[in-house]
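In what follows, a single structure is set out as structure tokens and then discussed.
4 protein chains.
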Amino acid sequence: MYIWDARIRAIYKDTDQMGIVYYGNYYTWFEVGRNEFIRSLGLSYKDLEAKGIMLPVIESRCSYKTSAKYDDLVVIRTGIREMTGARIIFAYEVIREQDNKLLAKGSTTHAFADAKTLRPVNLKKRCSEYFDRLMNCL
Amino acid sequence: MYIWDARIRAIYKDTDQMGIVYYGNYYTWFEVGRNEFIRSLGLSYKDLEAKGIMLPVIESRCSYKTSAKYDDLVVIRTGIREMTGARIIFAYEVIREQDNKLLAKGSTTHAFADAKTLRPVNLKKRCSEYFDRLMNCL
Amino acid sequence: MYIWDARIRAIYKDTDQMGIVYYGNYYTWFEVGRNEFIRSLGLSYKDLEAKGIMLPVIESRCSYKTSAKYDDLVVIRTGIREMTGARIIFAYEVIREQDNKLLAKGSTTHAFADAKTLRPVNLKKRCSEYFDRLMNCL
Amino acid sequence: MYIWDARIRAIYKDTDQMGIVYYGNYYTWFEVGRNEFIRSLGLSYKDLEAKGIMLPVIESRCSYKTSAKYDDLVVIRTGIREMTGARIIFAYEVIREQDNKLLAKGSTTHAFADAKTLRPVNLKKRCSEYFDRLMNCL
Numbered sequence: 234m235y236i237w238d239a240r241i242r243a244i245y246k247d248t249d250q251m252g253i254v255y256y257g258n259y260y261t262w263f264e265v266g267r268n269e270f271i272r273s274l275g276l277s278y279k280d281l282e283a284k285g286i287m288l289p290v291i292e293s294r295c296s297y298k299t300s301a302k303y304d305d306l307v308v309i310r311t312g313i314r315e316m317t318g319a320r321i322i323f324a325y326e327v328i329r330e331q332d333n334k335l336l337a338k339g340s341t342t343h344a345f346a347d348a349k350t351l352r353p354v355n356l357k358k359r360c361s362e363y364f365d366r367l368m369n370c371l
Numbered sequence: 234m235y236i237w238d239a240r241i242r243a244i245y246k247d248t249d250q251m252g253i254v255y256y257g258n259y260y261t262w263f264e265v266g267r268n269e270f271i272r273s274l275g276l277s278y279k280d281l282e283a284k285g286i287m288l289p290v291i292e293s294r295c296s297y298k299t300s301a302k303y304d305d306l307v308v309i310r311t312g313i314r315e316m317t318g319a320r321i322i323f324a325y326e327v328i329r330e331q332d333n334k335l336l337a338k339g340s341t342t343h344a345f346a347d348a349k350t351l352r353p354v355n356l357k358k359r360c361s362e363y364f365d366r367l368m369n370c371l
Numbered sequence: 234m235y236i237w238d239a240r241i242r243a244i245y246k247d248t249d250q251m252g253i254v255y256y257g258n259y260y261t262w263f264e265v266g267r268n269e270f271i272r273s274l275g276l277s278y279k280d281l282e283a284k285g286i287m288l289p290v291i292e293s294r295c296s297y298k299t300s301a302k303y304d305d306l307v308v309i310r311t312g313i314r315e316m317t318g319a320r321i322i323f324a325y326e327v328i329r330e331q332d333n334k335l336l337a338k339g340s341t342t343h344a345f346a347d348a349k350t351l352r353p354v355n356l357k358k359r360c361s362e363y364f365d366r367l368m369n370c371l
Numbered sequence: 234m235y236i237w238d239a240r241i242r243a244i245y246k247d248t249d250q251m252g253i254v255y256y257g258n259y260y261t262w263f264e265v266g267r268n269e270f271i272r273s274l275g276l277s278y279k280d281l282e283a284k285g286i287m288l289p290v291i292e293s294r295c296s297y298k299t300s301a302k303y304d305d306l307v308v309i310r311t312g313i314r315e316m317t318g319a320r321i322i323f324a325y326e327v328i329r330e331q332d333n334k335l336l337a338k339g340s341t342t343h344a345f346a347d348a349k350t351l352r353p354v355n356l357k358k359r360c361s362e363y364f365d366r367l368m369n370c371l
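Protein chains in written order, with the working numbering: chain A, 234 to 371; chain B, 234 to 371; chain C, 234 to 371; chain D, 234 to 371.
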């Protein structure tokens, strides 16, 4: 399975008054992870949109193991867990770089949708090149 | 089961360039939902913190049915799905008020933790009054 | 001068590890303030967009007097400071409801722009009804 | 004047339904800019906090020239505009890397404050090493 590591540093904006990164902000990090994963393949989500395809999220999950703190440098390790012509599941691990500790794990499930109508499309039919590149990551 | 409906209006800040509310922002709405749920019981999360207890999130999930859009007035319907002395699971439904359409469903699982050490505590032992009030919502 | 008071409660998401509301989040509150200001006139920003007009921000400012904290109920007091056919300046005060204390003051300057091209338009010419209603608030 | 360039890529989360980066999010980018500026000096904001000093924002401003868009790689160019023992003003330029176009300019004014009381402190007296390093950037 092909994976990609994106790096990001926790800033003040990410924290809350508990002194840890706000639980909802991991989903923003997941977006960074999947953007960079796609970019690492020589593809771009922006191009996919230009071809008229969007990937709206239909499910998201995260389980939190250890809190990320301000100024932590974290790795967002991203891979593809499952994929069909209709949808794709990205899996993520958030790891604190300093001690390699797993902070959180999660996933996002996306439909392939027409950019104008947001109706489902089959990626294999609409854009076989992207489909093949992504399938190769499994 | 006791439930509480909080109301919030989607603003520009919540949307993304897909023209819909960004998937991660539903978790912010969930926070509004559980804050108002707790307040509706005559309790307050702030008081709980003043008593030395925090509720860090250990798991969160959301499934997205229909996109919320800018200026939508949404109801965040919140209840307690499960609870023990060690943890609590809140369940949420996000409903578009205009047509009563279900936009998203989700849950957050929280540990009861000591505010200083973030170590697990038993709410029943540490704060039986809060424990009983919350258990009554099941 | 016509003003409108919107109310909002500071949540965990708004705070940072300093235990106060993150400085950038006041600009989100300003958006809530101007949305509700416009709505209070019987108008809606969404309708304005439907008429092909947008209000991109060209300048924003905020000065911070006293920190907003978690669970504070705040009033966002909004008015129009200046207006021409080409642009509008909204002014805001953020007030803690509990003790009427001024927390922050700020402003946002917006151009009137065509929704498709983002080029400047004259609101008086393009939508005189909106222009007149807003001018009456000065 | 010493300046430092931090790089960041605009993500979906940063955009709004106008298809551009939300005006309030530039202030988050400013935070990234000043964090990396301080780090580039071999200092860290986290260490400063450990020494009991915080830098609450007392004023912030931004003027927007050209909209940042999704997937734009932007440079946040940060320097110190003014500084006394009591406060510091950081100045920022946000530049689109692709064509070197200036997207926005802004500043944030910070007080030096005691981390516990949030009362003003004199940085020169409390932490002369940091004071000198920062003064050298003017």
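Idealized CB from N, CA, C, for every residue including glycine.
Keep in mind that this is a model prediction, so the values were computed, not measured.
{"Asked": "Decide if residue 306 of chain B is buried, meaning its Cβ has at least 16 other Cβ atoms within 10 Å, or exposed.", "Found": "exposed"}
{"Asked": "Please go through the same chain and pick out, in chain order, the residues whose beta-carbon is closer than 8 angstroms to the beta-carbon of residue 258 of chain C, but skip the five residues on each side of it.", "Found": "247"}
{"Asked": "What are the complete alpha helix (DSSP H) segments, minimum 4 residues, inside the region 237-314 of chain D?", "Found": "259-273 and 278-283"}
{"Asked": "If we ignore side chains and look at the alpha-carbon of each, how far apart do residue 278 of chain A and residue 269 of chain D end up?", "Found": "28 angstroms"}
{"Asked": "Less than 8 angstroms between the beta carbons of residue 303 of chain B and residue 245 of chain B, yes or no?", "Found": "yes"}
{"Asked": "Residue 346 of chain C to residue 286 of chain C, Cα distance in whole Å?", "Found": "6 angstroms"}
{"Asked": "Note down the Cα distance separating residue 276 of chain D from residue 261 of chain D, rounded to an integer number of angstroms.", "Found": "20 angstroms"}
{"Asked": "So, is residue 267 of chain B buried or exposed, given that buried needs 16 or more other C-beta atoms within 10 angstroms?", "Found": "buried"}
{"Asked": "Which of the residues in the region 242-258 of chain A, read from start to end, lie with their CB under 7 angstroms from any CB of chain C?", "Found": "245, 246, 248, 249, 250, 252, 255 and 257"}
{"Asked": "Relative to the alpha-carbon of residue 333 of chain D, which residue among D:341, D:272, D:360 and D:309 has its alpha-carbon at the smallest distance?", "Found": "D:309"}
{"Asked": "Determine the direct distance from the alpha carbon of residue 339 of chain C to that of residue 299 of chain C, and round the result to whole angstroms.", "Found": "13 angstroms"}
{"Asked": "Give me the chain D residues within the contact set of residue 296 of chain C, using Cβ-Cβ distance strictly less than 7 angstroms, ordered along the chain.", "Found": "291 and 292"}
{"Asked": "Apart from the five residues just before and just after residue 321 of chain C, which ones in its own chain have a Cβ nearer than 6 angstroms to its Cβ?", "Found": "343"}
{"Asked": "Which residue or residues does DSSP assign as beta-bridge partners of residue 371 of chain D?", "Found": "In DSSP, residue 371 of chain D forms no bridge with anything."}
{"Asked": "Applying a beta-carbon distance threshold of less than 9 angstroms, which residues of chain C neighbour residue 235 of chain A?", "Found": "None at all; the shortest Cβ gap to chain C is about 34 angstroms."}
{"Asked": "Output yes or no for whether 8 angstroms exceeds the beta carbon distance between residue 353 of chain D and residue 319 of chain D.", "Found": "yes"}
{"Asked": "Taking a Cβ distance cut-off of 8 angstroms, strictly less, list which residues of the region 307-318 of chain D are near chain C, in chain order.", "Found": "none"}
{"Asked": "Classify residue 235 of chain B as buried or exposed, calling it buried when 16 or more other Cβ atoms lie within 10 Å of its own Cβ.", "Found": "exposed"}
{"Asked": "Leaving out five residues on either side along the sequence, give the residues of the same chain with a beta carbon under 6 angstroms from the beta carbon of residue 330 of chain A.", "Found": "306 and 308"}
{"Asked": "Over what stretch of residues does the alpha helix (DSSP H) that includes residue 358 of chain A continue unbroken?", "Found": "356-359"}
{"Asked": "Looking only at its own chain, which residues have a Cβ that is under 8 angstroms from the Cβ of residue 369 of chain D, when we skip the five neighbours before and after it?", "Found": "235"}
{"Asked": "Measuring only the C-alpha atoms, how far is residue 328 of chain B from residue 317 of chain B?", "Found": "28 angstroms"}
{"Asked": "I need the boundaries of the beta strand (DSSP E) containing residue 235 of chain B, first residue and last residue.", "Found": "Neither: residue 235 of chain B is in no beta strand (DSSP E) and is coded neither H nor E."}
{"Asked": "With a threshold of 6 angstroms on Cβ separation, who are the neighbours of residue 295 of chain A within its own chain once the five nearest residues in sequence on each side are excluded?", "Found": "259, 337 and 339"}
{"Asked": "Among residues of its own chain, excluding the 5 on either side of residue 349 of chain C, which ones have a beta-carbon nearer than 8 angstroms to its beta-carbon?", "Found": "285"}
{"Asked": "Below 8 angstroms on the Cβ atoms is my guess for residue 239 of chain D versus residue 265 of chain D; work out the distance and round it to an integer in Å.", "Found": "5 angstroms"}
{"Asked": "At which residues does the beta strand (DSSP E) containing residue 330 of chain C begin and terminate?", "Found": "Element bounds for residue 330 of chain C: n/a, residue is neither H nor E."}
{"Asked": "Please report how far the alpha carbon of residue 356 of chain A lies from the alpha carbon of residue 280 of chain A, in whole angstroms.", "Found": "14 angstroms"}
{"Asked": "Beta carbon of residue 313 of chain C, beta carbon of residue 274 of chain C: below 8 angstroms?", "Found": "no"}
{"Asked": "Just the C-alpha distance for residue 323 of chain B and residue 297 of chain A, rounded to the nearest angstrom, thanks.", "Found": "16 angstroms"}
{"Asked": "Can you grab the Cα-Cα spacing for the pair residue 362 of chain D / residue 301 of chain B, in whole Å?", "Found": "51 angstroms"}
{"Asked": "Would you kindly work out how many angstroms separate the C-alpha atoms of residue 351 of chain A and residue 364 of chain A, rounded to a whole number?", "Found": "18 angstroms"}
{"Asked": "For chain A, find out if any of its Cβ atoms is closer than 8 angstroms to the Cβ of residue 261 of chain B; answer yes or no.", "Found": "yes"}
{"Asked": "Of the choices C:250, C:252, C:242 and C:311, whose alpha-carbon is the least far from that of residue 272 of chain C?", "Found": "C:311"}
{"Asked": "Kindly indicate which three-state DSSP category residue 320 of chain A falls into: helix, strand or coil?", "Found": "strand"}
{"Asked": "So, does the CB of residue 264 of chain B fall closer than 8 angstroms to a CB anywhere in chain C?", "Found": "yes"}
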